[in-house]
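Reviewing the structure listed below.
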Amino acid sequence: MADEVVEASPERVVAVVEQMAGLPWPDGDDWLEWEIDGLAGQTSFLMHVLPLGATSDAAALASLTSPLRRLADQRWGARHRFDATRFTDDADTDPASYDRRSAPAGLVRAIGSDTAAWWRSGKDAVVLIDNSAATPETSKAAVLVLPAQWLSGPGAEEQALRSPLVADFLSGDKDRILPALWAVFKTRDPEVLAPLARALPAIEKATADAELGGMLASNDSHLEHALARIELFGKGVCLCAAYLSHQFYDPGKEEHRGHVRIVETIPDARQWVPDRVCECRDCGKRFQVEQGEYHYTWWKWTEVALR
Ligand SMILES: [Zn+2]
């Protein structure tokens, strides 16, 4: 398209764009040529492209794209902005870290723009690239229609599902779930817990019918506690709150993990081992911890008022 603006009203462009979502996709890397209602375009593996113009007459192009933008607002509602300068991954990028927004961003840049306006139309995105204001000498404009997921980054949930511990919880495999829940017991690390908190609804669903067995204390109750611990983290509650509702928090190990400091020992007439007073290193709360034996060693944590 050399120095030309398509001869079509904005209304007709919108009517054509509406039909673009139904166009067939090519095999592999081919481009398919098509024409709808007198307007010609191409389709790649990624998107349907309708060129609107390439001209040195910026005003002529803007006289199409300005009303088109308003019409699109009316037709598809909220207008979003896509910043094509932020996504520059290419074939040399490690596939694991490739941001899929780089594919449409590359085309936006190829048409001579840094940004594009876009609207959501069902599962698709309608993108208007128009640099007539920025580069009047070489103005170009085009409309793209592509699945909207290409314009949104990996969602928080999607990212969380990539965490190995999350995958263990979702596996349905007892031999993976048990080590995962003990890992949750041992940690306060936000890097570990944040993905779990985001994926908690999925984890709860996946583990609802888990049969985890357990000899002396049911592993199902440990799982329940691990999930409660993730929930506490998600709510921003200090994780020392978890001590109150589980019997397997060994104060010595918690001190070793850097979660508490043992500040005092108090003889306990009922037990062989004296109680220990632990101070949470994150929030300063103090707990008196009684240690006892019943088939297994247990610890009972009770919050004590600060003196
Ligand atoms: Zn605390």
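Just so we're aligned, residue 0 is where the sequence shown starts under numbering that gives the first Met the number 0, counting upward by one. Where a beta carbon is used, it is the ideal one built from N, C-alpha and C, also for glycine. Since this is a predicted model, take the numbers as computed values, not measurements.
For the pair L38 and E3, the Cα-to-Cα distance works out to about 13 Å.
Remark: the C-beta of K185 is outside contact range of ligand 1, defined as less than 6 Å to any heavy atom. The beta carbon of C277 sits no closer than 6 Å to any heavy atom of ligand 1. Considered as a whole, the region 27–107 harbours 57–75 as its complete alpha helix (DSSP H) runs of no fewer than 4 residues, in chain order. Leaving aside the five residues that flank A241 on each side, the residues in its chain whose CB is nearer than 8 Å to its CB run, in chain order, H224, A227, R228, L231, Y248. Looking at the DSSP output, C239 shares a beta bridge with no other residue. By the neighbour-count criterion, in which a residue is buried when 16 or more other Cβ atoms sit within 10 angstroms of its Cβ, V125 is buried. Taking R99 as the centre and dropping the five residues before and after it, the same chain places the C-beta of W149 closer than 7 Å to its C-beta, in chain order. In this structure, A57 lies near S131, with their beta-carbon atoms less than 7 Å apart.
Looking from the CA of L164, the closest CA among R108, L180, L238 belongs to L180.
Per DSSP, S220 is one residue of the alpha helix (DSSP H) stretching across 218–234. Around the beta carbon of E32, fewer than 16 other beta carbons lie within 10 angstroms, which makes this residue exposed. C282 and C237 have their alpha carbons spaced roughly 7 Å apart. Remark: the shortest separation between the CB of K234 and any heavy atom of ligand 1 does not fall under 6 Å.
Secondary structure of V15 (DSSP, three-state): helix.
Here DSSP, grouped into helix, strand and coil, assigns E6 to coil.
Taking 7 Å as the cut-off, the Cβ atoms of I110 and A71 do not count as close. For the pair of segments examined, the region 262–271 was found not to touch the region 192–212: the number of CB pairs separated by less than 8 Å stays below three. From the listed residues H294, T296, V259, the smallest Cα separation to Q287 is found for V259. Secondary structure note for G111: it is in no beta strand (DSSP E), with a DSSP letter that is neither H nor E.
In the DSSP assignment, W300 falls within the unbroken beta strand (DSSP E) covering 295–303. Membership of E263 in the beta strand (DSSP E) is indicated by the continuous run 259–265.
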